Amino acid sequence: MKWTIRSPLQSELERLADIYLAVRRETFKWVDPASFRHEDFSVHTQGEDLWIAEAPNGETAGFMTLWPPDDFIHMLYISKSWQGQGAGAALLAALPNWPLRKYRLKCLVKNERANAFYRSKGFIVTGSGSSAEGDYEEMSFYPAARDAHAY
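Residue 83 in the UniProt record's numbering sits at position 83 of the sequence shown, with consecutive numbering throughout.
If you want it as structure tokens, here you go:
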């Protein structure tokens with residue numbers, strides 16, 4: 001599938017907030033769904049670079065945010081109906097100098113599907129910690145490891 005990866009328009013931010021809320025409530029079953037709010041998106045993305053994945057039919061499938069000072073991928077969220085169709089991989093491929101640059105992220109341990117996705121793209125566990133949503137693993141992508149993985 002051919003994805004269009006681009007910066008969102010101001011008018012599309014509401015849709016991204018919808019995706020963020022829905023995916024968190026659908027995925028993080030171990031967290032009280034009432035703790036997730038629609039306004040979280042605008043608060044959690046402040047100061048971050050933001051890209052959307054647009055399907056060939058024009059539908060927004062998901063988004064990714066990056067905190068540039070640390071090359072930290074803060075969020076990568078794909079609507080349930082679009083998961084497993086390449087949108088996440090297309091978003092990663094849009095990162096500056098991917099796959100020739102080191103990137104980091106945190107992934108909740110209980111989010112098994114996301115963990116498997118990141119590992120399949122060459123991320124390795126480099127640390128761990130706890131958050132309000134549960135234990136997480138810090139994962140890093142090292143350019144030297146890229147030859148063993150498909151992008």
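No residue lacks a Cβ here, since even glycine has one placed at the ideal position from N, Cα and C. Since the structure is predicted, the reported quantities are computational estimates derived from the model, not experimental observations.
Practice task
Please report how far the alpha carbon of residue 50 lies from the alpha carbon of residue 68, in whole angstroms.
Solution key: 10 Å
Problem - Distance between residue 112 and residue 135 (C-alpha atoms, nearest Å) - result: 12 Å
Problem - Status (buried if at least 16 other CB within 10 Å, exposed otherwise) for residue 124 - result: exposed
Exercise for the section: Pick helix, strand or coil for residue 51, following the three-state DSSP scheme. Expected result: strand
Handout entry: Inter-residue spacing [alpha-carbon to alpha-carbon] between residue 37 and residue 21
Key = 7 Å
Problem - alpha helix (DSSP H) segment containing residue 142, residue limits - result: Element bounds for residue 142: n/a, residue is neither H nor E.
Problem - Per-residue DSSP class, three states only, for residue 44 - result: helix
Handout entry: Cross-strand partners of residue 124 (DSSP beta bridge)
Key = 140
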